[in-house]
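What follows is a single structure, written as structure tokens, with notes after it.
Number of protein chains: 2
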Amino acid sequence: MALKSFIEVHPDSHFPIQNLPYGVFKPQPNSSPRPGVAIGDYVLDLSEIASAGLFDGPLLNNSDCFLQVRHSSLSTLSLLFRRRLSFRSQVEETTEPTLRDNAALRQKSLVPMNKVELLLPVAIGDYTDFFSSIHHTRNCGIMFRGPQNPVGENWYRLPIAYHGRASSVVISGTDIVRPRGQGHPIDGTPYFGPSLKVDFELEMASIVGPGNELGKSVDINNAADHIFGLVMMNDWSARDIQFWETVPLGPFLGKSFGTTISPWVVTLEALEPFACDAPKQDPPPLPYLTEKVSKNYDVSLEVHVKPAEHKDSSLVARSNLKHLYWTLTQQLAHHTINGCNLRPGDLLGTGTISGPDPDSLGCLLELTWNGEKELSWNGATRKYLEDGDEVILSGYCKGDGYTIGFGTCSGKVVPSPQ
Amino acid sequence: MALKSFIEVHPDSHFPIQNLPYGVFKPQPNSSPRPGVAIGDYVLDLSEIASAGLFDGPLLNNSDCFLQVRHSSLSTLSLLFRRRLSFRSQVEETTEPTLRDNAALRQKSLVPMNKVELLLPVAIGDYTDFFSSIHHTRNCGIMFRGPQNPVGENWYRLPIAYHGRASSVVISGTDIVRPRGQGHPIDGTPYFGPSLKVDFELEMASIVGPGNELGKSVDINNAADHIFGLVMMNDWSARDIQFWETVPLGPFLGKSFGTTISPWVVTLEALEPFACDAPKQDPPPLPYLTEKVSKNYDVSLEVHVKPAEHKDSSLVARSNLKHLYWTLTQQLAHHTINGCNLRPGDLLGTGTISGPDPDSLGCLLELTWNGEKELSWNGATRKYLEDGDEVILSGYCKGDGYTIGFGTCSGKVVPSPQ
Ligand SMILES: [Ca+2]
Ligand SMILES: [Ca+2]
Ligand SMILES: [Mg+2]
Ligand SMILES: [Mg+2]
Ligand code: NI
Chain A
1 MALKSFIEVH PDSHFPIQNL PYGVFKPQPN SSPRPGVAIG DYVLDLSEIA SAGLFDGPLL
61 NNSDCFLQVR HSSLSTLSLL FRRRLSFRSQ VEETTEPTLR DNAALRQKSL VPMNKVELLL
121 PVAIGDYTDF FSSIHHTRNC GIMFRGPQNP VGENWYRLPI AYHGRASSVV ISGTDIVRPR
181 GQGHPIDGTP YFGPSLKVDF ELEMASIVGP GNELGKSVDI NNAADHIFGL VMMNDWSARD
241 IQFWETVPLG PFLGKSFGTT ISPWVVTLEA LEPFACDAPK QDPPPLPYLT EKVSKNYDVS
301 LEVHVKPAEH KDSSLVARSN LKHLYWTLTQ QLAHHTINGC NLRPGDLLGT GTISGPDPDS
361 LGCLLELTWN GEKELSWNGA TRKYLEDGDE VILSGYCKGD GYTIGFGTCS GKVVPSPQ
Chain B
1 MALKSFIEVH PDSHFPIQNL PYGVFKPQPN SSPRPGVAIG DYVLDLSEIA SAGLFDGPLL
61 NNSDCFLQVR HSSLSTLSLL FRRRLSFRSQ VEETTEPTLR DNAALRQKSL VPMNKVELLL
121 PVAIGDYTDF FSSIHHTRNC GIMFRGPQNP VGENWYRLPI AYHGRASSVV ISGTDIVRPR
181 GQGHPIDGTP YFGPSLKVDF ELEMASIVGP GNELGKSVDI NNAADHIFGL VMMNDWSARD
241 IQFWETVPLG PFLGKSFGTT ISPWVVTLEA LEPFACDAPK QDPPPLPYLT EKVSKNYDVS
301 LEVHVKPAEH KDSSLVARSN LKHLYWTLTQ QLAHHTINGC NLRPGDLLGT GTISGPDPDS
361 LGCLLELTWN GEKELSWNGA TRKYLEDGDE VILSGYCKGD GYTIGFGTCS GKVVPSPQ
């Protein structure tokens, strides 16, 4: 039987009591940022709950983790998680009855979500982006390495990744300025100007909870304990800039102009009912990547685009987190095998999540085959994104009578500066 | 005539009054970190100077920038720099006479450097590593692309770079744990274990002062205003891990196990007397990379290694910052051309600074030609670094009767965990 809260939550809402994702918000334009939990159409202000003394368990009593927003507060939340006193159940058990019976507190601490400003949910120390969908990798390989040998020998041996740019990670709703930069030379001189190939990438990302010390790797079978939860992510990409700069050190300015994440961190615990088997890996991974239980999550993913000339958005692609070849835990364990330290709030993108079907491809590079085919969305034709186009990613899991969702991750492309 | 301070400074000291580099330190193991300035064998405690009310100019009056260590304090320092009221001359003019005549204040604020613990001088938001020495690039290219076409077509058009890992940037003196990881397969299965090819990379790095807003590029002719100063940097590299993982997204775990920087940020202003012409660039750079005055700095660089079995270190290579093809300002302007935002404290490595001569190569990869040749340092033979080996980088400029130096950037390789 589905859990129910005294707060009315529509069955299609992304934020029933089974979810309770973590975020950071400002109730008023001039208030200070504070942590909150989404429930139905409301945000529960955790700073008010903490001030009211409701967090009286051994871990949260007198902790200021809900009063301030910084690296260490996430670290405390993560501690809860690590000790299997989950964030979700703590909030639920300590606040439900008191809130229900205390109208004044309810008034202060439950803020309508449409009234608040949502901010980045964590201070991101480092952002890493993986490349873990075999479908995305194979498609890129066919385009750029040729059909004979599209996937590199190393790809099946380790979760390939690169360091991304943390400073330009922005919250859903932030406009994305079309980057300027160089492209491959046409008549001897490189192209320079606004990128002609601005793309989206449909991704999800782990938010690191407890970190690890420099020099000490995380064991694969403990890796889940280091993941606080997941967000949706759009790794905006300028393909012309990216392809010209990328040899030999990888993507740089083709990516660093902006990366959008969704505001609510959905805990792994809330996703647990939607866990599914990870794909069989052949060749079998090395021991440090071999997990006792290897799982993915069945999260339906959608890309909608609202072309500049339309009032409505069109569905552009559907995919699923379960298509990942390398699991989230393999990604995290691999990241630390060399002793690299993760810190609370670090962001680990999955890489573009493409599926096996033509309509399950997670970026325009694949959908238009690098501009060879034109797409038509309700009559708007595109090879890459135009100024004014808005991209909206969403993700959700359908439970029995409820939905665990991620809300949306959206952004609009605006023109380059002159 | 050389400037002189009332504090005795030996002519070989790296820290005469002409330098006054910025750092962060703890006077006692249990004190809180605070900003300081190196002068001779002393550290001037800026928090004491500020508490004494000595910073009474319009910019620093009542500013708490010397009382706390965080992003915003560097931002204030940077403001000084941007307004051409330099950090160096502010400290010098406001403190010299008062300090000289106030024994109690001198006692409190001048701490012997050998008594303090030096910490990272800035909170590093993002770390980027460039690839700007043509000698290093050509040598790597000959090894891995072949002698026909060692340097890619894009290299002469833009300062190639990749995002590095900020979390594992450590202060000089921190041990570096030998990373574990995968290497290229030998009999079908990848090597796994402690890296067999741990290397150093001789680099310098810019520390960003004032940042720029996301979406707004920094003009090349204003780029110097965004550089607070320079440090020495050792970009430790595990060549076996790096080469196996690097296609197609660039270096990742082969780098992210540790990067060492020197504690003192030397301002561009202190280096100005050692400015020299940058190399002529052919083809000429695109307009956004063309600067009115294009300069390098004549900074002598040395690599010493103390092999595990020796008590003394040996000189292993000598190079010079002036060998850079792409200037520090071109690096910074390029980094922002796509709208990427830099933040105060960001670290921009130059890439390995190799010169044209066989003894001016900045890493073992080049010096031993990826292990083909063995080096002998006073009888200790090496292809790559062994556990217990210590690498000491240093840099200095020789002025008329004084030296502007960077101190040292050192680290010892210690064994992998079992
Ligand atoms: Ca990506
Ligand atoms: Ca390097
Ligand atoms: Mg991006
Ligand atoms: Mg490094
Ligand atoms: Ni930070």
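The listed protein sequences derive, respectively, from chains A and B.
Counting from 1, one number per residue, gives the positions in the first sequence under UniProt numbering.
Counting from 1, one number per residue, gives the positions in the second sequence under UniProt numbering.
Cβ atoms here follow ideal geometry from the backbone N, Cα and C, with glycine treated the same way.
Val24/A is a Cβ neighbour of Pro33/A, given a cutoff of 7 Å.
Among the CB atoms of chain B, none fall inside 7 Å of the CB of Trp326/A. In this chain, the beta strand (DSSP E) harbouring Met232/A covers Ile227 to Asn234. Interface annotation, His163/A: in contact with chain B, CB-CB separation under 7 Å. Here the alpha carbon of Gln18/B sits roughly 7 Å from the alpha carbon of Ile404/B. According to DSSP, Cys409/A shares a beta bridge with Leu393/A. By the neighbour-count criterion, in which a residue is buried when 16 or more other Cβ atoms sit within 10 angstroms of its Cβ, Leu253/A is buried.
Taking the C-beta atoms as reference points, Pro159/B is found nearer than 7 Å to His334/B.
Between Ser47/B and Pro35/B, the alpha-carbon positions lie close to 7 Å from each other. When the Cα atoms are used, Gln330/A and Thr290/A turn out to be separated by approximately 8 Å. Look at the beta carbons and you see the stretch 152–172 of chain A not touching the stretch 367–377 of chain A: under three pairs across the two are nearer than 8 Å.
Remark: C-beta atoms of Gly388/A and Ala278/A do not approach each other more closely than 7 Å.
Gln182/A is bridged by DSSP to Phe192/A. For a Cβ distance threshold of 7 Å, residue set Asn154 of chain A lies close to Trp244/B, ordered along the chain. Approximately 16 Å separates the beta-carbon atoms of Thr267/A and Asn296/A; this is outside 8 Å, ruling out the contact. Proximity of chain B to Val177/A at the Cβ level (cut-off 7 Å) is accounted for by Gly215 and Gly339, in chain order. Proximity to Leu342/B across Pro415/A, Gly53/A, Ala166/A and Ser314/A peaks at Ala166/A, based on C-alpha coordinates.
For Phe6/B, there are no neighbours in chain A by C-beta distance under 8 Å, as the nearest C-beta there is about 41 Å away. Phe252/A has a beta carbon lying within less than 7 Å of a beta carbon in chain B.
The alpha-carbon separation between Ile261/A and Pro112/A amounts to approximately 21 Å. Beta-bridge partners of Ile171/A (DSSP): Ile261/A. For secondary structure counted as the beta strand (DSSP E) over 3 or more consecutive residues, the stretch 348–387 of chain A holds these complete runs in sequence order: 375–377 and 380–382. For Pro417/A, the residues of chain B that pass the 9 Å Cβ criterion are Gly215, Lys216, Ser217 and Gly339, in the order they occur in the chain. Here Glu272/A is exposed: its Cβ has fewer than 16 other Cβ atoms, across all protein chains shown, within 10 Å. Taking the Cβ atoms as the reference, Asp199/A lies roughly 6 Å from Leu365/A, within the contact range of under 8 Å. CA-CA distance, Cys397/B to Ile49/B, rounds to 28 Å. For Phe192/B, at least one C-beta of chain A is nearer than 7 Å to its own C-beta. Among the residues facing chain B, Gly181/A is included, as its CB has a counterpart in that chain under 7 Å away. A Cβ of chain B is located within less than 7 Å of the beta carbon of Gly125/A. Nearest Cα to Pro11/B within the set Gly40/B, Asp187/B and Glu203/B: Gly40/B. In the three-state DSSP reduction, Thr98/A falls in the helix class (H, G or I).
Chain A places no beta carbon closer than 7 Å to that of Ser410/B, leaving this residue out of the contacts. Excluding sequence positions up to five before and after Leu118/B, its CB lies within less than 7 Å of the CB of Gly23, Phe25, Ile171 and Pro263, all in the same chain and listed in chain order. For Cys276/B, the closest C-alpha among the options Asp219/B, Val293/B, Tyr156/B and Asp357/B is that of Val293/B. Interface flag for Ser256/B against chain A is set, since a Cβ pair is found closer than 7 Å. For the alpha helix (DSSP H) assignment, the stretch 107–139 of chain B encloses no uninterrupted run of at least 4 residues.
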